[in-house]
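Participant: In my numbering, the protein residues as written are 3 to 197. Every residue gets a Cβ at the ideal spot worked out from N, C-alpha and C, and that includes glycine.
(1) Considering only their Cβ atoms, is the gap separating residue 85 from residue 56 smaller than 9 Å?
(2) Classify residue 193: buried if its beta carbon has 16 or more other beta carbons within 10 angstroms, exposed otherwise.
(3) Do you know how far the Cα of residue 136 is from the Cα of residue 150?
(4) Can you say whether residue 182 is buried or exposed, counting buried as having 16 or more other CB atoms within 10 angstroms of its CB?
(5) For residue 180, does the count of other Cβ atoms within 10 angstroms reach 16, so buried, or fall short, so exposed?
(6) Where do the ends of the alpha helix (DSSP H) carrying residue 79 lie?
(7) Helix, strand or coil, according to DSSP, for residue 179 in the structure here?
(8) Of all the beta strand (DSSP E) runs that stay within the bounds of the segment 76-133, which reach a length of 3 or more residues?
(9) For the alpha helix (DSSP H) that residue 47 lies in, which residues bound it at each end?
(10) For residue 62, which residues does DSSP report across the bridge?
(11) Please confirm whether residue 96 and residue 77 have their CB atoms less than 9 Å apart.
(12) Whose C-alpha, out of 144, 109, 111, is nearest the C-alpha of residue 122?
(13) Whole angstroms is fine: what's the gap from residue 93's alpha carbon to residue 154's?
(14) Nearest-angstrom Cα distance between residue 105 and residue 185?
(15) For residue 136, which residues does DSSP report across the bridge?
(16) Figure out for me which residue from 171, 128, 133, 114 has the closest Cα to the Cα of residue 142.
(17) When we look at the beta-carbon of residue 169 and count the other beta-carbons within 10 Å, is it buried (16 or more) or exposed?
Next up, the structure:
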């Protein structure tokens, strides 16, 4: 059987990467894929909008047949819903838009490596391709802590392309958490001063 080849996530020498029967791939982004950058920039804009609401700045966009069918930013704080991650909101919106829970043929773009919960949703909705920006060393489920995209216990594999606009995606998160720590430190100092 001839292995599948992903022309989008070729290695830096522009050799196609074999992704095997189940679609396993874990290759770095190649700068010449303008479509991936375009959609990741849209996800970054949604992350910035989420940040303005006091949310962890993560954005997600789902593309099918060259069209954005769903887009979302985190809303966990706004909705007081622990499942209101950008990826899951976008998956729900996409399923409603196409009137099917099977999102076969779609690509999900997200600024941060998905967590276990979000990877569960991605796998169960049959999204064949995931593109993410920054790794999440704390709870990432696409190689950082777990690797659910390539777990042979599931009946669906997800092709992964990582590192698209990684620096920008990581920077927005780093800045957000640095500011959050500074606010907490300032509040703690005010409380200590008042005592």
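Facilitator: Judging by the given coordinates:
(1) With respect to the 9 Å criterion, residue 56 and residue 85 are not classified as neighbours on the basis of their beta carbons.
(2) Its Cβ having fewer than 16 others within 10 Å, residue 193 is exposed.
(3) Their Cα atoms are separated by approximately 17 Å.
(4) Residue 182 should be labelled exposed.
(5) By the neighbour-count criterion, in which 16 or more other beta carbons inside 10 Å mark a residue as buried, residue 180 falls on the exposed side.
(6) Counting along the chain, the alpha helix (DSSP H) containing residue 79 begins and ends at 78-81.
(7) Residue 179 falls in the helix class under three-state DSSP.
(8) If we require 3 residues or more, the beta strand (DSSP E) runs fully inside the segment 76-133 come out as 108-114.
(9) First-last of the alpha helix (DSSP H) with residue 47: 36-54.
(10) As a beta-bridge residue in DSSP terms, residue 62 pairs with 74, 112.
(11) With contacts defined by Cβ atoms closer than 9 Å, residue 96 and residue 77 do not form a contacting pair.
(12) Out of 144, 109, 111, 144 has the C-alpha closest to the C-alpha of residue 122.
(13) So the alpha carbons of these two residues sit roughly 23 Å apart.
(14) For residue 105 and residue 185, the distance between alpha carbons rounds to 40 Å.
(15) Paired residues: 114.
(16) For the residues 171, 128, 133, 114, the minimum Cα distance to residue 142 belongs to 114.
(17) Looking at its Cβ environment, which holds fewer than 16 other Cβ atoms inside 10 Å, residue 169 is exposed.
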